[in-house]
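Undergrad:
Numbering (my numbering), first residue to last: -10 to 246.
Take a look at the structure:
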């Protein structure tokens, strides 16, 4: 695990300056078209991820409802300190206030986060991750990538995920930031795959469906970060002759929020 942590730390140190160098003069446009120059490689990565995570997705789907809800709420609560830190970095102080209130309420009254008391009180979880922070700072997103086991992303958001992984406040507190972040990310990916199982069976092109769902949901989170409405909208492909799947954002929106 130590070697894995050192590898991730090194990758972040090397990649982050390259991305930050692009900050100057880059517009914060949350409606840019999809860039997928490595589609064939990404398709293979998605196939690998589906096959590898399918048993885990089936196990997550088979968990009884009340227990599944407790696991989901605990996973969401563990993300709150990371969300709070990124809210601050983005200058979203109202969102940071909401996130702090959620974490305090759920950790104390929700038995360590097993129960989402805050949502019942009207405090919904906000978005907040370092990929989003890089967007607010003006870093361009780069090409679409499918990360083995972790799922769809962009180059910017992939680097952002690595930073979140090594800088997770909860991970630092318990001394195992990589293990915690990988565990929560894999749980998210397995649950997301389980939710998309019906779409997988019905879709002519499941890859395009997942890509469209990711971009539409991510665009909504980026708009939220700069004070725009979260409404979903169709996204354009760089290749106008490529597949144009129907809107798929709702399949992922609930899981990501």
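A virtual CB, placed ideally from N, CA and C, is assigned to each residue, including glycine.
(1) Considering Cα atoms alone, identify which of 48, 63 and 20 is closest to residue 92.
(2) Using the DSSP secondary-structure output, state which residues sit across from residue 133 in a beta bridge.
(3) If you reduce the DSSP assignment to three classes, tell me which class residue 18 lands in.
(4) Counting beta carbon pairs with one atom in the segment 132 to 145 and one in the segment 91 to 111, are three or more of them shorter than 8 Å?
(5) Return the chain-ordered list of same chain residues with a C-beta closer than 7 Å to the C-beta of residue 87, the five sequence neighbours on each side being excluded.
(6) What residues in its chain sit with their C-beta under 6 Å from that of residue 190, if we drop five residues either side in the sequence?
(7) Quick one: what does DSSP say residue 193 is sitting in, helix, strand or coil?
(8) Taking residue 70 as the reference, give the member of 108, 118 and 54 with the closest Cα.
(9) DSSP on residue 23, reduced to helix/strand/coil?
(10) Shortest alpha-carbon distance to residue 181 belongs to which of 192, 24, 199 and 126?
(11) Could you check what DSSP says for residue 105 in three-state terms: helix, strand or coil?
(12) Just to confirm, are residue 23 and residue 204 a CB contact at a threshold of 8 Å?
(13) Let me check understanding here. Comparing Cα to Cα, which of 74, 94 and 178 lies closest to residue 43?
(14) Cβ of residue 94 within 8 Å of Cβ of residue 110?
TA: Let's see:
(1) Along the chain shown, one-based indexing puts residue 92 at 103. Ranking the options by Cα distance to residue 92, first place goes to 63.
(2) In the chain shown, counting from the first residue as 1, residue 133 sits at position 144. Its beta-bridge partners are 143.
(3) Taking the first residue of the chain shown as 1, we reach residue 18 at position 29. In the structure shown, residue 18 sits in coil (DSSP, three-state: anything other than H, G, I, E or B).
(4) no
(5) In the chain shown, counting from the first residue as 1, residue 87 sits at position 98. For residue 87, where only same-chain residues beyond five positions count, the Cβ hits under 7 Å are 112 and 115.
(6) Taking the chain shown and counting its residues from 1, the one referred to as residue 190 is at position 201. Around residue 190: no qualifying Cβ.
(7) One-based indexing of the chain shown puts residue 193 at position 204. Residue 193 falls in the coil class under three-state DSSP.
(8) The residue given as residue 70 occupies position 81 in the chain shown. Comparing Cα positions, the closest option is 118.
(9) The residue given as residue 23 occupies position 34 in the chain shown. Correct three-state label for residue 23: strand.
(10) Within the chain shown, the letter at position 192 stands for residue 181. Among 192, 24, 199 and 126, the Cα nearest to that of residue 181 belongs to 199.
(11) Translated into positions along the chain shown, residue 105 becomes position 116. In this structure, residue 105 counts as coil in the three-state DSSP scheme.
(12) Indexing the chain shown from 1 puts residue 23 at position 34. Indexing the chain shown from 1 puts residue 204 at position 215. Contact: yes.
(13) Translated into the one-based positions of the chain shown, residue 43 becomes position 54. Of all alpha-carbon atoms in 74, 94 and 178, the one lying nearest the alpha-carbon of residue 43 is that of 178.
(14) Stepping through the chain shown from its first residue, residue 94 is reached at position 105. Stepping through the chain shown from its first residue, residue 110 is reached at position 121. Closer than 8 Å, so yes.
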